[in-house]
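In this note's numbering, the protein residues as written are 5 to 305. See below for the structure under consideration.
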Amino acid sequence: MPLPAKVKLVDVGPRDGLQNEKQPVSAAVKIELVERLQDACLRYIEVTSFVSPKWVPQMADNAEVMAGIRRQPGVCYSVLTPNMQGFEAALKSRPDEVVVFAAASEAFSQRNINCSIAESIERFRPVVAAAHAAGIPVRGAISCTVGCPYEGEVPPERTGMVARLMKEIGVDHIGVADTIGTGTPRKVQKAFEAALAHYGIDDVSGHFHDTYGQSLANTLACLEMGVWQYDTSSAGLGGCPYAKGATGNVATEDVVYMLEGMDIDTGIDMPRLMAAGRFISDFLGRKSNSRAANALAARQA
Ligand code: HMG
Ligand code: MG
């Protein structure tokens with residue numbers, strides 16, 4: 005299969021990247037990160053989540069962050085909404101897309117959202133209906149599609165099952181996530197094959213954490229299947245508070261470097277993207293997790 009000519013990247017850094025940070029990150033810093041990303045021509049940004057502030061304190065300023073962004077036309081600002089309470093709160097912030105999130109592993113579902121997979125689908129059902137009634141598309145993230153921190157390896161049929169359930173309740177698009185980064189290319193491809201039994205190629209995306217250094221290889225493996233949409237995180241920020249040891253998402257800069265090197269258009273302004281990554285890395289007081297950004301910066305110095 006020819007590789008996709010064009011790839012859509014969703015920068016999830018402000019949400020997935022920062023949700024796990026122990027140090028306080030002010031709303032102003034989050035807003036600046038989002039604005040720097042849009043200035044770098046990212047057209048899809050996952051801004052925040054409307055979850056319980058007791059569970060994820062770092063996202064408690066969700067409404068303030070959404071209200072503070074100087075929105076650019078043509079940019080899609082998405083937010084996580086695990087239930088109706090989250091959706092109703094999110095709606096006031098005028099998101100362009102909402103994200104419900106389930107897991108292919110029962111244990112992870114319990115730890116992450118305090119309910120079974122089946123219960124989570126029932127929580128999402130009214131969210132999907134209400135979002136569609138408001139004209140808002142719904143993405144469904146499926147965590148732990150290859151490995152779970154509590155159950156170990158997860159067979160592809162579990163991803164297929166959750167994809168089917170999401171399809172039944174009307175979720176528009178699904179994201180197949182390797183939450184703890186244990187996936188290797190063939191295993192990730194099998195999870196995608198299971199998802200693609202229920203969704204078309206234009207309605208699936210990849211979400212790879214880089215814990216085991218496999219995320220670029222997994223991205224390439226999915227590009228070879230024709231998958232053209234990916235979640236990435238500037239400076240490779242990220243991690244899930246309920247997946248201990250899981251590190252950040254694949255760095256946006258690394259994916260852009262790889263894609264541009266393969267003549268696949270991303271539309272992203274690399275120098276500005278690197279500046280965004282530098283901004284948040286400096287704030288957090290650590291080196292960027294992007295190998296490409298660090299190498300390019302060293303060459304420029
Ligand atoms: P629960 O305790 O089962 O909910 O939590 P509940 O309905 O029983 O309510 C209990 C309390 O939570 C009540 O407050 C509610 O008001 C409040 P209290 O009376 O005790 O003061 N509550 C809420 N508050 C704000 N917003 C809400 C909300 N819902 C209830 N939406 C819940 C269920 C899902 C809320 C909880 O388990 C939670 O917040 N979990 C956090 C999940 C999370 O954010 N995880 C990280 C994101 S997922 C991820 O990173 C994976 C992903 O990147 C893909 C991948 O890599 O795999 C997407
Ligand atoms: Mg994630």
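Backbone N, C-alpha and C define an ideal beta-carbon position, used for all residues, glycine too.
For Cys-244 against Asn-24, the beta-carbon gap comes to about 7 Å, under 8 Å, which counts as contact.
For the pair Ile-146 and Ala-201, the CB atoms are not nearer than the 8 Å cut-off. The Cβ atoms of Asp-269 and Ala-44 do not sit closer than 8 Å to each other. Leaving aside the five residues that flank Gly-252 on each side, the residues in its chain whose CB is nearer than 7 Å to its CB run, in chain order, Gly-21, His-213, Asp-214, Ser-237, Gly-240, Leu-241, Gly-242, Gly-243, Asn-293.
Rounded to whole angstroms, the separation of the alpha carbons of Met-262 and Val-231 is 15 Å. At least one heavy atom of ligand 1 lies closer than 7 Å to the C-beta of Ile-117.
When DSSP reads this structure, Thr-236 sits in a beta bridge with Asp-15. DSSP places His-136 inside the alpha helix (DSSP H), whose first and last residues are 121-137.
Residues of the same chain with a CB within less than 6 Å of the CB of Pro-160, apart from the 5 flanking positions on each side, are Lys-194, Ala-195, Ala-198 in chain order. Note on Gly-271: under 16 other CB atoms within 10 angstroms of its CB, so exposed under the neighbour-count rule. Rounded to the nearest whole angstrom, the C-alpha separation of Asn-298 and Ala-133 is 44 Å. Not one heavy atom of ligand 1 is found less than 7 Å from the C-beta of Phe-196.
Taking one beta carbon from each stretch, the stretch 35-54 and the stretch 111-119 have fewer than 3 pairs nearer than 8 Å; the two do not touch. Taking the Cα positions, Arg-190 is about 32 Å away from Arg-127. For Ile-146, the uninterrupted beta strand (DSSP E) segment begins and ends at 142-147. The C-beta of Glu-257 has 16 or more other C-beta atoms within 10 Å across all chains shown, which makes the residue buried.
Of the residues assessed, Asp-286 falls on the exposed side of the cut-off, its CB having fewer than 16 other CB atoms within 10 angstroms.
Assigned with DSSP and collapsed to three states, Thr-52 falls in strand. In this structure, DSSP gives Ser-30 a state outside helix and strand, which the three-state scheme calls coil. Per DSSP, the beta-bridge partners of Leu-84 are Ser-53, Val-103. For Ala-247, there is no enclosing alpha helix (DSSP H), as DSSP marks it with neither H nor E. Shown here for Lys-12: same chain residues with a beta carbon closer than 7 Å to its own, the five before and five after excluded, namely Tyr-48, Trp-232, Gln-233 in chain order. Just measuring C-alpha positions, the residue of Arg-129, Met-88, Leu-46, Val-158 sitting nearest Phe-54 is Met-88. Between ligand 1 and His-213, a heavy atom-to-CB distance of less than 7 Å is present. Per DSSP, reduced to three states, the secondary structure at Asn-24 is coil, with no helix or strand assignment. In the same chain as Ser-97, and ignoring 5 residues on each side of it, the C-beta atoms closer than 6 Å to its own belong to Ala-67, Met-70, in chain order.
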